[in-house]
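S.K.:
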Amino acid sequence: MKFKQTFAALLCGAIVFGTAGCGLNPATGSQNAQASSGSGSSAEGSGQAAGSAAGSAVPAGGLEEEIEKNPIPQGEKYMAITFDDGPTGNEGGRTERLLDGLKERGVHATFFLCGYRIRDFNSMSERYLAEGHEVGNHTMNHVLLDREVSDGGLQQISSNSELIASYTGEEPTVMRPTGGAYNDTVRASMKQLGLPIILWSIDSLDWKYRDASSVKARIVENAEDGAIVLSHDLYETTVEGVLSAIDELQAQGYAFVTVSELAQLKGVTLEPGEVYSDFTDETLHPEEAEPAAEPKSGSTETEPEQPAA
99 MKFKQTFAAL LCGAIVFGTA GCGLNPATGS QNAQASSGSG SSAEGSGQAA GSAAGSAVPA
159 GGLEEEIEKN PIPQGEKYMA ITFDDGPTGN EGGRTERLLD GLKERGVHAT FFLCGYRIRD
219 FNSMSERYLA EGHEVGNHTM NHVLLDREVS DGGLQQISSN SELIASYTGE EPTVMRPTGG
279 AYNDTVRASM KQLGLPIILW SIDSLDWKYR DASSVKARIV ENAEDGAIVL SHDLYETTVE
339 GVLSAIDELQ AQGYAFVTVS ELAQLKGVTL EPGEVYSDFT DETLHPEEAE PAAEPKSGST
399 ETEPEQPAA
């Protein structure tokens, strides 16, 4: 299957060569999230990957071509915006409007999709990869993997990966557990499935306040090079607030990339079953970081992520 995808990608690249634009802390669970760091140096201001990263949405053998078709956005600092629980709506729906806004701004994002929603709202499926975004797995039925299943999510995740691939053409290579909740069984299952566990360092709390200005403020005020932002493409206020935050932060020199691109830029190899909350210097090089006076207000989540409406 990978051979066929790679061959098709090479054929497509030969036809359209030279064209552009073809085309992510957690809730309280049984374990707290521990950010796993990898070796390598930061690649600020560069559009080239600082190292290879397992978990990239790029098919094996096609990295250079995929970067050519969807060049990594360049900036002085980098962040990953992620969206859980979608998609929402078909043509004219919130996910489509969000994708339009991200495209206008040259932003790459990571979408953690729920299977039961993509069954109903799948008309945007071909746009994710085509526009440089990354698709992640957020379980089939939005269940808590550390409490509601006995196999650590093997069936919830594997069946959803197959479903997502049937609509997007590619299986997810990253996953996010519902509510950010995981335990050793979940980690072992994700290792078996070859998926790194992606959490977050900034919670927009869009699900709680449903206010665009609040969403924007939480993202902007807690912005940090290497951060991962949690949001949901369920609410109109999220679309407005996230796009507004992106505008302000791009003016400050930030570029927005997928989780896998962010890992590459920071020289981190994403490992199956390992947990990642961010790729900040403080996390990657704790021995060099100055002690913070107070933790950032968006660094932890006090309530579980809410189920999709």
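Residue numbering for the sequence shown follows this note's numbering, starting at 99 and increasing by one per position.
In this text, a Cβ means the ideal position worked out from N, Cα and C, and glycines have one as well.
1. Quick one: grab the DSSP three-state call for M273.
2. Is it the case that the Cβ atoms of P275 and G292 are separated by a distance below 8 Å?
3. From which residue to which residue does the alpha helix (DSSP H) around L382 run?
4. Note the first and the last residue of the continuous beta strand (DSSP E) segment covering G234.
5. Just checking my contact of I326 with V357 at CB under 8 Å: how many whole Å lie between their CB atoms?
6. Does the Cβ-Cβ distance between M222 and T193 come in under 8 Å?
7. Identify whether V357 lies in helix, strand or coil by the three-state DSSP scheme.
8. Give the range of the alpha helix (DSSP H) segment to which I170 is assigned.
9. How is the beta strand (DSSP E) around S329 delimited, first residue to last?
10. What residues match up with Y374 in a beta bridge as DSSP calls it?
11. DSSP three-state call for A321: helix, strand or coil?
12. Could you say which of Y214, D331, V205 lies nearest to V241 if we only look at CA atoms?
13. CB-CB under 8 Å to L261, same chain, minus the five flanking residues each way: which ones, in chain order?
M.R.: Quick look at the numbers:
1. Three-state result, M273: strand.
2. Contact flag unset, no.
3. Element bounds for L382: 379 to 382.
4. Run containing G234: 232 to 235, per the beta strand (DSSP E) assignment.
5. For I326 against V357, the beta-carbon gap comes to about 6 Å, under 8 Å, which counts as contact.
6. In terms of Cβ geometry, M222 and T193 form a close pair [threshold 8 Å].
7. Three-state result, V357: helix.
8. No alpha helix (DSSP H) holds I170; DSSP gives it neither H nor E.
9. Taken as a continuous stretch (DSSP letters only), the beta strand (DSSP E) holding S329 covers 326 to 330.
10. For Y374, which the question treats as bridged, DSSP gives the partners I296.
11. Assigned with DSSP and collapsed to three states, A321 falls in coil, not helix or strand.
12. Relative to the Cα of V241, the nearest Cα in the group Y214, D331, V205 belongs to Y214.
13. Same-chain partners within the cutoff: G213, I216, R217, M238.
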